[in-house]
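Here the numbering used here is used: the first residue of the sequence shown is 770, the next is one more, and so on.
We treat Cβ as the ideally placed atom computed from N, Cα and C, and that holds for glycine.
Data block below; observations after.
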Amino acid sequence: MDIQSISEMIDTDWLRNLSNNYLHEKGIVTNWSCNSIGAVDKNFVTGGVYRISGTTEIDSGAQQSWSFILKVINPDPLRDGRRVDPSPFIGL
């Protein structure tokens with residue numbers, strides 16, 4: 770995957786929830802960006818590693834910075850389509 774594809778797939782509500790949980794504050798994401806941080810040559814397992822960073826304006830009006838790492842895992846083409854729910858593995 771390329772940065773353009775990743776950026777288009779990222780939901781701003783998802784980012785807002787992540788940043789609010791991370792900052793322990795309620796606010797809105799005012800800007801964000803996505804940059805590749807992994808190897809240029811990806812392998813059959815990894816679709817890329819990306820740093821998503823930005824700022825959130827919290828209720829007091831202050832700007833708080835944050836960043837998250839996103840690792841894209843390619844599905845195994847040999848599996849029969851069963852998927853593992855990733856939610857237990859997503860954490861801050």
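By the neighbour-count definition (other C-beta atoms within 10 Å, threshold 16), residue 821 is a buried residue.
Judged by DSSP in its simplified three-state form, residue 834 adopts strand. Residue 843 and residue 819 have their C-alpha atoms some 14 Å from each other. In this structure, residue 773 lies away from residue 799, with their beta-carbon atoms at least 8 Å apart. Take residue 827, set aside five residues on each side of it, and the residues of its chain with a beta-carbon closer than 8 Å to its own are 792, 794, 795, 796 and 833, in chain order. As far as DSSP is concerned, residue 781 takes part in no beta bridge. Partner residues in a beta bridge of residue 829, as assigned by DSSP, do not exist.
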